[in-house]
Amino acid sequence: MYQSRIPGNVKVNCGVIKPVDTPQFSSCLYLTSLRFYDTVYEPAVMELHPGFHSTRLLVLAATVLTVAFAVARIRRFLVRRQFARLHGCKPIVRRSNKDPFLGLDRIYTIIQSAREHKTLEQGCERHRLLKYTFSSKQMLHNTILTSEPENIKTILSINFKHYGLGYRLEQFGPLLGEGIFDTDGDHWAMSRALIRPNFTRDQVADLASFENLIQDLFALIPRDGRTVVDLQSLFFRYTIDSATEFLFGQSVGSLRMNGSDSEFAEAFNYSQEAITMRGMLGQLHKFYRDPKADKSDRICREFAQQFVDEAVRAVQSEAKEDKKESSETKRQKYTFSHELARRTSDKRRILDELMNVLLAGRDTTASLLSNMFFMLAKHPAIWAKLRSEVASLEGRLPTYEELRNLKYLKYCMNESLRVHPVVPMNERKALQDTVLPVGGGEDGLSPVFVPKGTLIGYNVYAMHRRPDFYGPDADEFRPERWENGKLQPRWEYLPFNGGPRICVGQQYALTEVGYVTVRMAQEFQNLESRDPGPWEESLTLTLCSRNGTKVCVTPA
């Protein structure tokens, strides 16, 4: 009676269960469940309800599904255990929370440190205490946290295809759509192929647009040496103007708005705050409603859409004109949106990619400028040394090559990106069962098994401040540590990510920051901090100073 219910190709042997012989193990459990049903459950039911045949089918289906689920879980456990043994993996013994079930203590710590604006500082201390790779439980999710260069290299480069960030789409999608920062696989590859050609040396080396906006920036900086100005606010307005000029061919003109941002800039700011909030809420963000965020997202995308439509029309018009005339027209002014339109006619795709590049181009550059000038104002000797190097230009506007040859300027930018990386923390999700090279066992030197679906957070801020990489003064801002090739880190220094997803616009951002810094050094002799306290974090999608960059300046 039982043999007829088992597939003909399955041989049942319940004497020995071999860990890897899953069909045999499955058949044994299946047979046992049927015997229990026919010998115990079914006679009892039929005695009480002789005509209750539908119940029999329901119970049988439920039993089979339960057994199948149990078998799948057991099989997965056995396969993973064998995989981990094959790679010499050992479990992570260090945990960041005491509650092993829901990790409620860790959630409380995260909220408290965010309120105190010490998320990065406390995270850095935790990484040092727990030897740079540890696990964390947050509600039902297990997370691995690391600041080990070898682990980060494996995630971002060696096993790049084992990890993804497509899960970001729910958080980023309302503002950015589907673009280079929230997709994986073929979609991401096409996004990168569309964007990367727009950051050629010719485009990066074109400094005219930076200079056009510099005068608007200078007009808003008091020169009496007594009036306090927040350079951070001005830098964010400068970079939104330069980014929109580069992407759309038309600046939003926030520096000319009499002390306030444009409607677009204000909406863009709030939309990013909403992304941060959705990220903090995790899965609970589905129950969170923010009408202002919805309105801000709509304002931003509708604003950009008009430039997408214009770019597509312009490119279609070019196609109808003489080829030579079209080439001459293109050389008159470079516009990022037009270049995208030449590569695809999909307006939704163009819009999404423009929003992604705008986010990166505006915030990372402004954050770097703000953090660096905060430290320059706190260290007058460093500012004086930087001005001395800039004096070699004899007051003329720098060329692209001259910018690249200003070594101390480069050291200052490197050091700012080390001490205050603009994207201090990041994460990836494992797309398959995989392995990290270190972090397991009591000594933390053994490989670690990473199950599919595990989130791995890598802390660049903590890695950049490790004393074993940067010395006992790793927390200090000291550009001289980069002089004469004294410091040549590899994966220990990661200001622009690494591997296939390394930032395509990093040279553009560094050129813009370098140009603005040189022009500030040429224009102003004294740069005096008016913030009595130390730098404090303001952590959203990027990292900048909580109190801004408050200074007084005097002209050169």
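In this note's numbering, the protein residues as written are 25 to 580. For each residue, glycine too, the CB sits at the ideal point set by N, CA and C.
Thinking C-beta only, is residue j closer than 8 Å to residue i?
i    : j    : result
E174 : P461 : yes
V575 : A401 : yes
V88  : G465 : no
I168 : T423 : no
S120 : R139 : no
I176 : Y482 : yes
D208 : G190 : yes
G468 : T178 : no
A328 : H362 : no
G277 : S266 : no
C324 : A291 : yes
L200 : L84  : no
V332 : I219 : no
Q146 : S137 : yes
C471 : G112 : Reading off the sequence shown, one finds Pro at residue 471, where the question assumed Cys. Yes, these two residues count as a Cβ contact at 8 Å.
A443 : F501 : According to the sequence shown, residue 443 is Val rather than Ala. For V443 and F501, yes; Cβs fall inside 8 Å.
Residues in the same chain with beta-carbon distance under 7 Å from residue i, minus the five sequence neighbours each way, listed in chain order, please.
i    : result
L565 : Q296, I299, T300, D387
L241 : L258, Y262, L279
Q546 : V414, G419, A580
T578 : R247, G249, F548, Q549, N550
C148 : Y485, A486, R489
D45  : Low confidence applies to D45: its pLDDT is 46, below 50, so where it sits in the model is not reliable enough to give any reading.
G463 : I116, T157, T170, E172, N175, V472
Pull up the distance between the alpha-carbon of residue i and that of residue j, whole angstroms please.
i    : j    : result
E426 : T133 : 48 Å
D123 : K161 : 8 Å
A390 : M544 : 14 Å
A86  : P475 : 28 Å
E561 : L441 : 14 Å
E172 : S181 : 14 Å
K371 : V542 : 38 Å
R99  : Q456 : 16 Å
K354 : S341 : The predicted position of K354 is uncertain, since its pLDDT is 47 and thus under 50; no value can be drawn from it.
E451 : K409 : 38 Å
Q530 : N293 : 22 Å
D318 : N571 : 28 Å
I131 : R313 : 22 Å
T224 : L392 : 22 Å
M379 : S78  : 57 Å
L231 : V540 : 10 Å
N395 : E439 : 10 Å
T535 : V228 : 7 Å
M214 : G273 : 23 Å
V404 : R411 : Val is not the amino acid found at residue 404; the sequence shown has Pro there. So the alpha carbons of these two residues sit roughly 10 Å apart.
G495 : L511 : 11 Å
F473 : K155 : 18 Å
F632 : P524 : What the structure shows of the chain is the stretch from 25 to 580, and residue 632 is not part of that stretch, so it cannot be assessed.
R554 : L563 : 22 Å
Does residue i pass the burial test, meaning 16 or more other C-beta atoms within 10 Å, or should it be called exposed?
i    : result
D129 : exposed
P198 : buried
P43  : Any answer about P43 is weak, because its pLDDT of 41 lies below 50 and its placement is not dependable; what the coordinates show is given next. Per the 10 Å Cβ criterion, exposed.
R514 : exposed
L81  : exposed
T458 : buried
S320 : buried
S351 : Low local confidence applies: a pLDDT of 49 at S351 is under 50, so the model's placement there is unreliable, and no value is given.
S275 : buried
To which residues of the same chain is residue i closer than 6 Å at the C-beta, ignoring the five residues directly before and after it?
i    : result
Y435 : P503, W506
P556 : none
F270 : F360
P448 : L144, V484, Y485, L567
L305 : Y312
L253 : Residue 253 is actually Val in this sequence, not Leu. Once the five neighbours on either side are set aside, the close Cβ partners of V253 are I245, P246.
I238 : R543
Shortest alpha-carbon distance to residue i belongs to which of the options?
i    : options                : result
K453 : R150, P198, L200, D206 : D206
Q256 : G303, C113, S470, F398 : F398
P558 : H141, F473, R373, Y539 : H141
N550 : F473, R337, P246       : P246
G509 : Q530, Y432, L563, D492 : Y432
I526 : K344, F184, F327, F493 : F184
L375 : R322, I406, D492, S470 : R322
W407 : A96, L102, E552        : E552
A243 : M281, R216, S233, N222 : M281
K310 : E194, D492, G463       : E194
R192 : I135, T251, G303       : G303
G385 : Y358, R105, T268, N236 : T268
F520 : D499, S569, M437       : M437
Taking only beta-carbon atoms, is residue i less than 8 Å away from chain D?
i    : result
F223 : Note that chain D does not occur in the displayed structure, where there is just one protein chain.
Once the 5 residues before and after residue i are set aside, which same chain residues still bring their CB inside 8 Å of it?
i    : result
G522 : I176, K177, L180, S181, W515
N33  : Here N33 scores only 43 on pLDDT, less than 50, and its place in the model should not be relied on; the value that follows carries that caveat. Nothing meets the Cβ criterion.
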